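Asks: So for the sequence shown, the working numbering puts the first residue at 6; every next one is plus one. By construction, the Cβ of each residue, glycine as well, lies at the ideal position given by its N, Cα and C atoms. No experiment lies behind these values; they were computed from the predicted model shown. Can you keep this structure in mind? I'll have questions shortly.
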Amino acid sequence: MVKSVVILCEDSPIGKNSALEAIRMAAGIMAVGDLDECKIVFIGDSVYFLSKNFDPKKVNMETPSSIFRMMELSDFEVYALDSALEIAGIEPSDLIDFDNVKIASWKEISAFILEADVFYRY
């Protein structure tokens, strides 16, 4: 039986909906499944999605306010890769205000993946 899921998101949120779909998937899995935990890990350019400074309207995209609301209501954890944040120039204080957003190293993320029953990559 599947008890833990890790969803890895690495694509830029600009022009793609991978980050949105990862969150929708996590919320759906947690709502329907009998899981102990679900983690979404943002690496690479996907970390821009978690920045307070990301403004989708500037690139003719819709504001993901309903997705952020879904994040607040769902019981999953969100991680951002520390080195990806550094490369992107995003400070921890620049991350969206969401209690479940944490920063993790490659070592921690590797452990999440190894310990998970199921792993998805967007």
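With a CB to CB cut of under 8 Å and the five nearest residues on each side skipped, what residues in its chain are close to methionine 75?
Replies: In its chain, beyond the 5 residues on either side, Ile28, Arg29 and Ala32 have a beta carbon closer than 8 Å to the beta carbon of methionine 75.
Asks: Give me whichever residues DSSP pairs with glutamate 82 in a beta bridge.
Replies: Lys44
Asks: Taking just the CA atoms, how far does methionine 6 sit from serine 98?
Replies: 38 Å
Asks: Tell me which residues share the same chain as leucine 13 and place their Cβ nearer than 6 Å to its Cβ, disregarding the 5 neighbours each side in the sequence.
Replies: Val46 and Arg126
Asks: Going straight from the alpha carbon of valine 64 to that of alanine 85, what length do you get?
Replies: Going from the Cα of valine 64 to the Cα of alanine 85 covers about 23 Å.
Asks: Identify whether phenylalanine 59 lies in helix, strand or coil by the three-state DSSP scheme.
Replies: coil
Asks: Let me check understanding here. Comparing Cα to Cα, which of Asp87, Phe81 and Cys43 lies closest to valine 11?
Replies: Cys43
Asks: Who are the near neighbours of glutamate 82 in its chain, counting only those whose CB is closer than 8 Å to its CB and skipping five residues on each side?
Replies: Glu42, Cys43, Lys44, Ile45, Asn105 and Lys107
Asks: Between which two residues does the beta strand (DSSP E) carrying valine 10 extend?
Replies: For valine 10, the enclosing beta strand (DSSP E) has its first and last residue at 9-14.
Asks: Count Cβ pairs between the stretch 110-127 and the stretch 54-70 that sit closer than 8 Å; are there 3 or more?
Replies: no
Asks: If we ignore side chains and look at the alpha-carbon of each, how far apart do leucine 78 and aspartate 87 end up?
Replies: 25 Å
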